[in-house]
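One structure is given below, encoded as structure tokens.
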Amino acid sequence: SPDLTRNDKSKLGPAGGPISYDQTSVEYYCTIFAFAESPATRGVLWAGSDDGLVHVSRDNGTSWQNVTPKDLPEWAMISIIDPSHHDPGTAYVAATRYKLDDYRPYLYKTTDYGESWTKITEGIPENSFTRVVRADPASKGLLFAGTETGLYVSFDDGAQWQPLQQNLPVCPVHDLVIKHDDLVVGTHGRSFWILDGGVAVLRQITDQVGGADAHLFTTPVTYRVKGAFRTFFKDQGTTVYNRLGTVNVTGTRKPDGTLELLDAGMNPPIGVAVTYFLKSKPEGEVKLRFLDAKGQLIKEFTSKEAEAPKSGGQGHDSGHGKPKEPKVPADAGTNRFVWNMRYPDAEDVPGNMMWRGSVTGPVAAPGSYKVELVVGGQTLAERLEIRKDPRIPATNEELQEQFDLLIKVRDKLNETHGAINQVRHVRGQVDTWVKLAAGHKDADAIAKAADELKGRLTAVEEALMQVKSKSHEDPLNFPMQLNNKLATVADVVAMDDAAPTKQSYEVFADLSAKIDGQLDQLRKVLADAVPAFTGLVRDANLPLIAVAVKQ
Numbered sequence: 016s017p018d019l020t021r022n023d024k025s026k027l028g029p030a031g032g033p034i035s036y037d038q039t040s041v042e043y044y045c046t047i048f049a050f051a052e053s054p055a056t057r058g059v060l061w062a063g064s065d066d067g068l069v070h071v072s073r074d075n076g077t078s079w080q081n082v083t084p085k086d087l088p089e090w091a092m093i094s095i096i097d098p099s100h101h102d103p104g105t106a107y108v109a110a111t112r113y114k115l116d117d118y119r120p121y122l123y124k125t126t127d128y129g130e131s132w133t134k135i136t137e138g139i140p141e142n143s144f145t146r147v148v149r150a151d152p153a154s155k156g157l158l159f160a161g162t163e164t165g166l167y168v169s170f171d172d173g174a175q176w177q178p179l180q181q182n183l184p185v186c187p188v189h190d191l192v193i194k195h196d197d198l199v200v201g202t203h204g205r206s207f208w209i210l211d212g213g214v215a216v217l218r219q220i221t222d223q224v225g226g227a228d229a230h231l232f233t234t235p236v237t238y239r240v241k242g243a244f245r246t247f248f249k250d251q252g253t254t255v256y257n258r259l260g261t262v263n264v265t266g267t268r269k270p271d272g273t274l275e276l277l278d279a280g281m282n283p284p285i286g287v288a289v290t291y292f293l294k295s296k297p298e299g300e301v302k303l304r305f306l307d308a309k310g311q312l313i314k315e316f317t318s319k320e321a322e323a324p325k326s327g328g329q330g331h332d333s334g335h336g337k338p339k340e341p342k343v344p345a346d347a348g349t350n351r352f353v354w355n356m357r358y359p360d361a362e363d364v365p366g367n368m369m370w371r372g373s374v375t376g377p378v379a380a381p382g383s384y385k386v387e388l389v390v391g392g393q394t395l396a397e398r399l400e401i402r403k404d405p406r407i408p409a410t411n412e413e414l415q416e417q418f419d420l421l422i423k424v425r426d427k428l429n430e431t432h433g434a435i436n437q438v439r440h441v442r443g444q445v446d447t448w449v450k451l452a453a454g455h456k457d458a459d460a461i462a463k464a465a466d467e468l469k470g471r472l473t474a475v476e477e478a479l480m481q482v483k484s485k486s487h488e489d490p491l492n493f494p495m496q497l498n499n500k501l502a503t504v505a506d507v508v509a510m511d512d513a514a515p516t517k518q519s520y521e522v523f524a525d526l527s528a529k530i531d532g533q534l535d536q537l538r539k540v541l542a543d544a545v546p547a548f549t550g551l552v553r554d555a556n557l558p559l560i561a562v563a564v565k566q
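Here the numbering used here is used: the first residue of the sequence shown is 16, the next is one more, and so on.
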């Protein structure tokens, strides 16, 4: 190219003095500062200089035309040129003149290769100068601008801007990158920020959406990825220690179970992020229902306050009680809810302590799913797609095999813990009748029958679960029983994104057979010993309510 700057020699001399020069190059002007090729048409090149000129070439650099906006003041720095993905003649320019004490925003748009320009700054404060403008590659007319004080968005090709600050600190935004459905924000002094999946939602915003009582946005494809690091807890408290590579970071566990790091940024939540709009705060309950491809309900969440589940079954690696189910937000405006892609947990047992095992349900396999938003007497539905991590070699079929086995383990664990809870329920009733029989003529017979019945019940319970473990280190002293061994199978199978091994199937079959043997024993107890004890109590004609008489 020829020189595409003003080539003002007074701006090209050495800086500093008189004792020593300050030759760091940043003092020099008359340089090309911005350059971009049109993604719509090869060979359409745009160049911008730090002394205020804009040039375009439509023949791959053979010839250049000066197309600087006529109303752009001299000596502006052309910070960014962003050509349109949809039209080769359209481009957007961001310029600054703050070094000349001019803090006004300068954004321009052309649709005819720079023959004419339109200034597009309506909605941006007069004292917030602009460093970057980016056009969405997927949605024509959706623009983003970074200023000295924050972030702005336009839905009408720059005719009107509005803040997109959210929780972004007030800071200079030097550059923006749109990556798939995310907006990556490069700030000066406040690190990188990412609007996770936000662009996908902004692409769908229309006047119809804003006028609807409720709207469920189409959810982008969700990738089935694992977390970046494991979480370890201290003393079952709220202080959390994480190890990410060789870096230790600390944080706190919030009441809803989510983790908030104190000295590092957070990864985006792993799961399906569902976004929906509510024109006003609804008076009634809001529900989100997730279904499989056949329309079978997987899990339902509600805006009502959920009860905290009983602790237990969380394994040695966590040492913390299960958090509440996440609450569906139901605020006026845009809401977001993240489903962690997990199926319902297995039933748990109060006080259950397991080593390397939990009752946590398996992660959904790659495939098609459905989400329903139930609010204000209407049900809105959208399709979901979960894809496997593209970095792993496992096929979708292998991950389906993994899921199928994990569901079988979950269901068997559910059956096991259900039996244990049933044993405890029956045993508790037996103890109650023994107390009621105190002083009765048949008290000894009832107590003897109760001991025999409870012995048979307890034998099943102790075979299914290690009842001696009362703390998370107790499994070091007392051997695992069947429920813990079964939960460990799930931990091994889910350890990696891969098909289950032959050994996993064999161990599951072996443990299932042993558990079934204990469940058969329980059924026999419930079929013969429990009715016999019930008959003994009935024949004794014990009072339903015993009133103690003070002597």
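Cβ coordinates follow ideal geometry from the N, Cα and C atoms, glycine included.
Ser-25 carries a helical assignment under DSSP once its states are collapsed to helix, strand and coil. Considering only Glu-476, Pro-341 and Asp-65, the residue with the shortest C-alpha distance to Lys-114 is Asp-65. Boundaries of the beta strand (DSSP E) harbouring Ile-47: 47 to 52, taken from the DSSP string. Going by DSSP, His-487 is part of no beta strand (DSSP E) at all; its letter is neither H nor E. Look at Ser-143 here: in three-state DSSP terms it is coil, with no helix or strand label. Sixteen is the threshold: since fewer than 16 other Cβ atoms of the shown chains lie within 10 Å of the Cβ of Gln-38, the residue is exposed. In this structure, Ala-110 keeps its C-beta atom at 9 Å or more from the C-beta atom of Gly-161. Per the C-alpha coordinates, the member of Lys-319, Thr-202 and Leu-557 positioned closest to Ala-453 is Leu-557. Residue burial is scored here from C-beta neighbours: His-230 has at least 16 other C-beta atoms within 10 angstroms and is therefore classed as buried. Pro-341 counts as buried, since at least 16 other C-beta atoms from the protein chains shown sit within 10 angstroms of its C-beta.
Under DSSP, the beta-bridge partners assigned to Val-389 are Lys-302 and Thr-394. Comparing alpha-carbon positions, the option among Val-148, Leu-491, Ser-72 and Arg-119 lying closest to Gly-129 turns out to be Ser-72. Distance from the CA of Phe-232 to the CA of Val-545, rounded to the nearest whole angstrom, comes to 55 Å. Just measuring C-alpha positions, the residue of Ala-465, Leu-468, Ala-379 and Asp-506 sitting nearest Leu-428 is Asp-506.
A check of alpha carbon separations from Asp-535 across Arg-553, Leu-491 and Glu-476 identifies Glu-476 as the nearest. In this structure, the straight-line span from the alpha carbon of Gly-67 to that of Gln-80 is close to 14 Å. Taking 9 Å as the cut-off, the Cβ atoms of Val-289 and Leu-303 count as close. Looking at Ala-434, Cys-186, Ala-524 and Arg-205, the one whose alpha-carbon comes closest to that of Leu-541 is Ala-434.
Within the stretch 365 to 450, no run of alpha helix (DSSP H) reaches 4 residues while sitting entirely inside it. Of the residues Arg-351, Glu-413 and Pro-178, the one whose Cα lies closest to the Cα of Val-386 is Arg-351. Assigned with DSSP and collapsed to three states, Gln-533 falls in helix. In this chain, the beta strand (DSSP E) harbouring Val-168 covers 166 to 169. For Leu-27, same chain residues with a beta-carbon under 8 Å away, outside a window of 5 residues either side, are Tyr-43, Tyr-44 and Cys-45 in chain order. Just so you know, the alpha carbons of Ser-383 and Lys-194 end up roughly 24 Å apart.
Taking all protein chains shown into account, Phe-144 has 16 or more neighbouring C-beta atoms within 10 Å of its C-beta and is therefore buried.
By the Cβ rule, the stretch 404 to 414 counts as touching the stretch 513 to 523, because three or more pairs are nearer than 8 Å.
Following the DSSP letters along the chain, one finds Ile-461 inside the alpha helix (DSSP H) bounded by residues 458 to 479. Beta-bridge analysis with DSSP links Glu-315 to Arg-304. Judged by DSSP in its simplified three-state form, Gln-177 adopts strand. Close CB contacts of Phe-50 within its chain, under the 6 Å cut and outside five residues either way in sequence, are with Ala-62 (chain order). Between Pro-84 and Trp-132, the gap from beta carbon to beta carbon is short of 9 Å. At the C-beta level, Ile-422 and Asn-355 stay beyond 9 Å of one another. Rounded to whole angstroms, the gap between the alpha carbons of Asp-228 and Asp-222 is 12 Å. Here Asp-346 is actually not in contact with Leu-395; their C-beta atoms are around 17 Å apart, not less than 8 Å. Closest in alpha carbon position to Phe-316, among Thr-20, Ala-308 and Leu-388, is Leu-388.
DSSP, read as helix, strand or coil, puts Lys-114 in helix.
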